[in-house]
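Numbered according to our numbering, the sequence shown spans residues 70 to 380.
Here's the structure, in structure tokens; my notes come after.
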Amino acid sequence: MRIVVPGAAGFIGFHLSHRLLDEGHDVVGVDNYTTGSARNIHDLTANPRFTFIEQDIVEPLRLNGPVDMILNMACPASPIDFETKAVDIMRTCSVGVFNLLELARAAGALFLQASTSECYGDPLEHPQRETYRGNVNPIGPRAPYDEGKRFGEALTMTYHRKYGLRTRMVRIFNTYGPRMRRDDGRALPNFICQALKNEPVTVHGDGNQTRSFCYVSDLVEGILRTAHGNCVEPINLGNDEEITIRQAADEVIRIAGSRSTIRLVPRPVDDPEKRRPDLTRAREILGWRPTVARETGFAETIAWFRASQPS
Ligand code: UDP
70 MRIVVPGAAG
80 FIGFHLSHRL
90 LDEGHDVVGV
100 DNYTTGSARN
110 IHDLTANPRF
120 TFIEQDIVEP
130 LRLNGPVDMI
140 LNMACPASPI
150 DFETKAVDIM
160 RTCSVGVFNL
170 LELARAAGAL
180 FLQASTSECY
190 GDPLEHPQRE
200 TYRGNVNPIG
210 PRAPYDEGKR
220 FGEALTMTYH
230 RKYGLRTRMV
240 RIFNTYGPRM
250 RRDDGRALPN
260 FICQALKNEP
270 VTVHGDGNQT
280 RSFCYVSDLV
290 EGILRTAHGN
300 CVEPINLGND
310 EEITIRQAAD
320 EVIRIAGSRS
330 TIRLVPRPVD
340 DPEKRRPDLT
350 RAREILGWRP
360 TVARETGFAE
370 TIAWFRASQP
380 S
């Protein structure tokens, strides 16, 4: 197949593209490097079946030749981006998704939208099922991303209803692994970089808030099963092993063999208190479940950060 991956220079876009190339597909990566890395594109380009278009999806994409699928991974996704790239995010999630849907329509391609657990906001239902409509603050600092992604889902579903477009949606929960942005401000890259330097590990608040961390190869498998399946409704993808952030920090310090201590620092506004996917739909419809244990995933990720440390 010929598959377009907007966001190919990013963390998930890279791993997804890499897997598709391994499977023998032609991949057209699209990225404007807002948060993506040139190194990722450089590494993908080693495969002759990969081609790259440097472009913002906010501009209409012109592609010659057939397109079988568009798997849209393009969007800044770290909480620090929600502030610094707020307008970009809202344009990417609206005009950008619109442009890709139009391309899918013109090409007769399947369109898969990477959505997010942030659609649930600071959830009042726990764990979160896909039927839960969320608790999002529409004017809060996370709104550009949360509401942007919710709009992206509405747009995707509208194209399915109105034009019969083949669409898929995945709601991605906290995912980690090699090639996360070192400076992306998220808990695991921060903890790992701090631990490797034996610096204090910055835990927000008292660290009792929870997350459920999924290794990236599990996520990619779930995305591909969704693309090849026939479910038009959104599907939660993540790991349902929930831990406190304090525990995540302790585990990183232990696995890294670090001498770091924990430093408690103020917590951001609207930081969700707990998050864990209900994976029933993914299990029943896709036969999918995460398989990589946190111990293994953390070790792989720490090893990658260690090997690629800036000198
Ligand atoms: N967090 C933390 N220290 C950091 C970065 C993040 O304690 O240096 C917390 C953050 O407040 C949140 C959790 O870790 O409660 C996960 O944050 P992350 O930015 O990884 O992703 P989120 O789940 O909020 O999108």
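Idealized CB from N, CA, C, for every residue including glycine.
Residue i - containing beta strand (DSSP E), residue span
i           : result
residue 119 : 119-123
residue 95  : 95-100
residue 270 : 270-273
residue 279 : 279-281
CA nearest to the CA of residue i, picked from the options
i           : options            : result
residue 118 : 71, 278, 107       : 71
residue 146 : 205, 167, 87, 214  : 214
residue 356 : 216, 294, 333, 285 : 294
residue 185 : 248, 359, 373, 288 : 288
residue 120 : 141, 142, 90, 238  : 90
residue 157 : 210, 297, 103      : 103
residue 142 : 199, 239, 311, 303 : 239
residue 205 : 364, 344, 339, 140 : 339
residue 135 : 172, 161, 111      : 172
residue 77  : 93, 97, 92         : 97
residue 95  : 81, 254, 73, 111   : 73
residue 311 : 362, 332, 269      : 362
Per-residue DSSP class, three states only, for residue i
i           : result
residue 126 : coil
residue 309 : coil
residue 189 : helix
residue 172 : helix
residue 208 : coil
residue 144 : coil
residue 380 : Low confidence applies here, because residue 380 scores a pLDDT of 45, under 50, leaving its location unreliable; read the following figure in that light. The answer is coil: DSSP assigns residue 380 none of H, G, I, E or B.
residue 355 : helix
residue 78  : coil
residue 348 : coil
residue 329 : coil
residue 181 : strand
residue 365 : helix
residue 374 : helix
Opposing strand residues paired with residue i [DSSP bridges]
i           : result
residue 304 : 239
residue 228 : Per DSSP, none; premise fails for residue 228.
residue 71  : 95
residue 245 : 284
residue 197 : 346
residue 159 : Bridge partners of residue 159: none, in fact.
residue 139 : 73, 180
Where the alpha helix (DSSP H) containing residue i begins and where it ends
i           : result
residue 338 : Here residue 338 belongs to no alpha helix (DSSP H), and DSSP marks it neither H nor E.
residue 109 : 107-114
residue 297 : 285-297
residue 262 : 256-265
message: I need the residues with a C-beta less than 6 Å from some heavy atom of the ligand UDP; please give them in chain order.
response: 148, 243, 255, 256, 259, 271, 272, 273, 278, 280, 314, 336, 337, 340
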